[in-house]
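Residue numbers (my numbering): 87 to 224. A short worksheet on the structure shown next.
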């Protein structure tokens, strides 16, 4: 019976979760074993290297191998994926508008509170729609 294919980014989240549970630096072999051992060692190393490039893990050489530690949590990894998707779109304002209007009321309240807490000077508006300063009106 074929194993179900993991969703995009799911394996990265699982690897990062395993690292966070470790309580200290661990090897790729430890991560592989923690995830059930059905992954190829090279797959685990590839995922760890991708996470390193995203600055959510760190590594230090220990003998002939590396020890890996998390520098961020799964929420930050998800936020980076969301940001990468948004950065790839031409009409950023339209994508954000579609996203926000599709949020359930509870999520919309959380987003509104986060934006208010950040304040107008804290929100990055470098790719906002023309004429949109990202803040409140004067």
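Where a beta carbon is used, it is the ideal one built from N, C-alpha and C, also for glycine. The structure displayed is predicted, hence computed values, not measured ones.
Selected residue, minimal CA-CA separation from residue i, among the options
| i | options | result |
| --- | --- | --- |
| residue 229 | 197, 158, 123 | No answer is possible for residue 229: the residues shown for the chain start at 87 and end at 224. |
| residue 99 | 195, 156, 205 | 156 |
| residue 120 | 132, 109, 104, 110 | 104 |
| residue 135 | 151, 124, 169 | 151 |
| residue 154 | 164, 113, 128, 175 | 113 |
| residue 147 | 196, 199, 111 | 111 |
Boundaries (first-last residue) of the beta strand (DSSP E) holding residue i
| i | result |
| --- | --- |
| residue 143 | 143-148 |
| residue 206 | Unbroken run through residue 206: none, as it is neither H nor E. |
| residue 153 | 151-156 |
Limits of the alpha helix (DSSP H) - the one that residue i falls within
| i | result |
| --- | --- |
| residue 105 | 96-108 |
| residue 182 | 178-187 |
| residue 138 | 127-139 |
| residue 171 | 160-173 |
| residue 117 | 114-120 |
Cut-off 7 Å between Cβ atoms - residues of its own chain near residue i, not counting five sequence neighbours on either side
| i | result |
| --- | --- |
| residue 162 | 142 |
| residue 193 | none |
Cβ separation of residue i and residue j, assumed to be a contact under 8 Å, to the nearest whole Å
| i | j | result |
| --- | --- | --- |
| residue 133 | residue 171 | Not confirmed; about 19 Å, so no contact. |
| residue 160 | residue 102 | 6 Å |
Same chain only: Cβ atoms within 8 Å of residue i, ignoring 5 sequence neighbours per side
| i | result |
| --- | --- |
| residue 166 | 140, 142 |
| residue 107 | 120 |
| residue 197 | 186, 189 |
Own chain residues within Cβ distance below 6 Å of residue i, not counting five before or after
| i | result |
| --- | --- |
| residue 144 | 155, 157 |
| residue 116 | none |
| residue 130 | 114, 117, 118 |
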